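Under numbering that gives the first Met the number 0, the letters of the sequence shown match residues 0 to 204, in that order. Encoded as structure tokens, the structure appears first; notes follow it.
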Amino acid sequence: MLDGSVLVLNRLWQAVNICTAKRGLSLLYQGHAQVVLKEGGTFSTFGFEDWKDISNRATTGEDELVRTVSFKMKVPRVILLLFYDRLPRNEVKFTRKNIFERDGNRCQYCGKKFDTKELNLDHVFPKSRGGLTAWENIVCSCFSCNARKGRKTLDESHMRLIRKPRKPRWHPFIIVGFRKVKHESWEHFLDMAYWNVELDENGKT
């Protein structure tokens, strides 16, 4: 339960991270964060004492509860940081897993979606001819398309990409498997279109 996922918002109500319930409750107790709860179509925030009162009124089994000797505490799903108004800056690591994530496990030549084990990575401009191993020259490819293209260029193989490969912009949720841990209470703060990895026109590895 304490390993559950909590969405973290900065002071401007922008999603900036996902933390464990244990970390979220710690921030709440220290006065660094408040719980965000939707009530009657509007969002309210609660400090530690107010959230403790709400938690103690919760019926058993109604919510995930952390129990102590003297009180019980509902596990929050969304918290608001009171003193942090920035967005984290970083870069997406150039890894096999992240290339699959960027391309959505879809062959960038035929457009079909495959299981990871049925895909490999292909140099758009052949490595044997000086092609770089970089975001802008590596794509997911199914075995059939990869064999067809071989060491030829796109023109030579008469093949086309379904989209130009680019370096994805970093966002904290990319690295924690967002799609697998999303809660309904997060929907307002997360535009699903955002998770179609936004690409940087001039990104370089």
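Every residue gets a Cβ at the ideal spot worked out from N, C-alpha and C, and that includes glycine. Note that this is a predicted model, so its numbers are computed, not measured.
Pairwise C-alpha distance: residue j and residue i
i, j, result
"L26", "F113", "41 Å"
"Q33", "V5", "12 Å"
"T204", "Q29", "Confidence in T204 is poor, its pLDDT being 29 and thus under 50, which makes the residue's placement unreliable; the coordinate value appears in the next sentence. In a straight line, the C-alpha of T204 is about 40 Å away from that of Q29."
"E186", "T115", "28 Å"
"M206", "Y108", "In the structure as shown, the chain begins at 0 and stops at 204. Residue 206 is therefore absent and cannot be evaluated."
"R128", "G149", "12 Å"
"K21", "K71", "14 Å"
"N195", "V68", "The predicted position of N195 is uncertain, since its pLDDT is 35 and thus under 50; a value taken from the coordinates is nonetheless stated next. Those two C-alpha atoms are separated by around 45 Å."
"D49", "F188", "23 Å"
Selected residue, minimal CA-CA separation from residue i, among the options
i, options, result
"P182", "V74, M158 and L153", "Before going on, a small fix: residue 182 reads as His here, not Pro. The shortest C-alpha separation from H182 is found at V74."
"F45", "V77, N9 and I161", "V77"
"D102", "G39, P164 and S143", "P164"
"S43", "L79, S54 and K21", "L79"
"A14", "R105, A133, Y83 and C141", "Y83"
"E135", "D154, F93, N145 and N104", "F93"
"L1", "E100, L24, N119 and D154", "L24"
Where residue i falls, given that 16 or more other Cβ within 10 Å makes a residue buried
i, result
"I17", "buried"
"L160", "exposed"
"L143", "Per the sequence presented here, residue 143 reads as Ser, with Leu not at that position. When all chains shown are included, S143 counts as exposed."
"K51", "buried"
Residue i - partner residues in DSSP beta bridges
i, result
"T19", "S4"
"F42", "K37"
"S140", "N119"
Any non-hydrogen atom of the ligand NAP closer than 6 Å to residue i Cβ
i, result
"L118", "No copy of the ligand NAP occurs in the structure displayed, which carries no ligand at all."
Run of the beta strand (DSSP E) containing residue i, from where it starts to where it stops
i, result
"E38", "A32 to E38"
Endpoints, alpha helix (DSSP H) assigned at residue i
i, result
"I98", "R95 to D102"
"K71", "Here K71 belongs to no alpha helix (DSSP H); instead the beta strand (DSSP E) covers K71 to K73."
"I53", "F47 to N55"
"L131", "First-last for L131: undefined, no H or E at that position."
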